[in-house]
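Enquirer: Take the position in the sequence shown, starting the count at 1, then add 1; the result is the number in my numbering.
The structure follows.
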Amino acid sequence: MTTNNDVAEERRNFLYIATGAAGAIAAGAAVWPLINQMNPSKDVLALSSIEVNLTNIPEGQSAVFLWRGNPIFIRHRTALEIAEAQASDTADDLIDPEADADRVQRPEWLVMSGVCTHLGCVPLDQQGDFGGWFCPCHGSHYDISGRIRKGPAPTNLPIVEYVFLDNTTIRIG
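This is the structure:
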């Protein structure tokens, strides 16, 4: 037989559980906006990657695209430029030695950051002593593979993260 004390205790236990559950839901509802504000906004997500159609870049030419507010150099290299870059893999004047094959996914396409590694200037295409890029700010010379060959820049022009979606399109980022 159920006594009044047993019923009161069951009600009290139910109220404890219900109050605890309501408190947990209220705490979650209060904390969620604080956590959600740490997610990137839609405009930031839109800049996180770009798709580039490579058919508009003729062989032997470069194009510049903006990604995350920085220039990206994409060069459609000729067979002669590829051979020249591969032949200079063991050159003595490579300040930051890196094989050409390690800098490209496909030999004819070079995709890299267009920001000089010395002080952040934008190098000029098809300039300098090595047929690649020349930074007019302090005189760094990069070869056709974006490797530093002469000047104050400490490292090669960085290769950006990219993937080929098909033979004519890449996604950067």
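For every residue, glycine included, the Cβ atom is placed at its ideal position computed from N, Cα and C.
Fair warning: this is a prediction, and the values are worked out from it, not measured in the lab.
What residues are listed by DSSP as bridge partners for Y17?
Expert: In DSSP, Y17 forms no bridge with anything.
Enquirer: Which residue wins for smallest C-alpha separation from R107, given the options S42, D130, L55?
Expert: When only C-alpha atoms are compared, the closest one is L55.
Enquirer: Where T79 and V32 are concerned, what is the direct C-alpha to C-alpha distance, given to the nearest angstrom?
Expert: Whole-angstrom Cα-Cα distance: 57 Å.
Enquirer: Counting Cβ pairs closer than 8 Å, one from the stretch 133-151 and one from the stretch 88-95, do we hit at least three?
Expert: Output reads yes: the stretch 88-95 touches the stretch 133-151.
Enquirer: Distance check for A86 and Q62, CA to CA, integer angstroms please.
Expert: Spanning the two alpha carbons is a distance of roughly 15 Å.
Enquirer: Looking only at DSSP bridge pairs, what is E52 linked to?
Expert: According to DSSP, which records beta bridges pairwise, E52 is partnered with R172.
Enquirer: Decide if the stretch 105-121 is in contact with the stretch 69-77; the criterion is three or more beta carbon pairs, one per stretch, under 8 Å apart.
Expert: The stretch 105-121 vs the stretch 69-77: in contact.
Enquirer: Can you tell me which of I96, Q128, Q127 puts its alpha carbon nearest to the alpha carbon of T118?
Expert: Here the closest residue by C-alpha is I96.
Enquirer: Between the Cα of E60 and those of N37, P153, E82, N157, spot the shortest distance and give me the residue it belongs to.
Expert: Per the Cα distances, E82.
Enquirer: Between which residues of its own chain and P153 is the CB-CB distance below 8 Å, once the five residues before and five after are set aside?
Expert: So the qualifying residues of the chain are H119, H139, G140, S141.
Enquirer: Assuming R148 contacts E109 (C-beta within less than 8 Å), just tell me the rounded distance between them.
Expert: R148 to E109, Cβ: 17 Å. No contact.
Enquirer: Which residues share a DSSP beta bridge with D97?
Expert: Beta-bridge pairing links D97 to no other residue.
Enquirer: Taking the beta strand (DSSP E) that A64 belongs to, which residues open and close that run?
Expert: From DSSP, the beta strand (DSSP E) with A64 extends over 63-68.
Enquirer: Applying the 10 Å Cβ sphere with the 16-neighbour rule, what's the burial state of N157?
Expert: Burial call: buried.
Enquirer: For V164 and R172, which I take to be in contact (beta-carbon distance under 8 Å), what is that distance rounded to the nearest angstrom?
Expert: Confirmed, about 5 Å.
Enquirer: Less than 7 Å between C-beta atoms, sequence neighbours within five positions excluded: which residues of the same chain meet that for S49?
Expert: Within the same chain, S49 has close Cβ partners G174.
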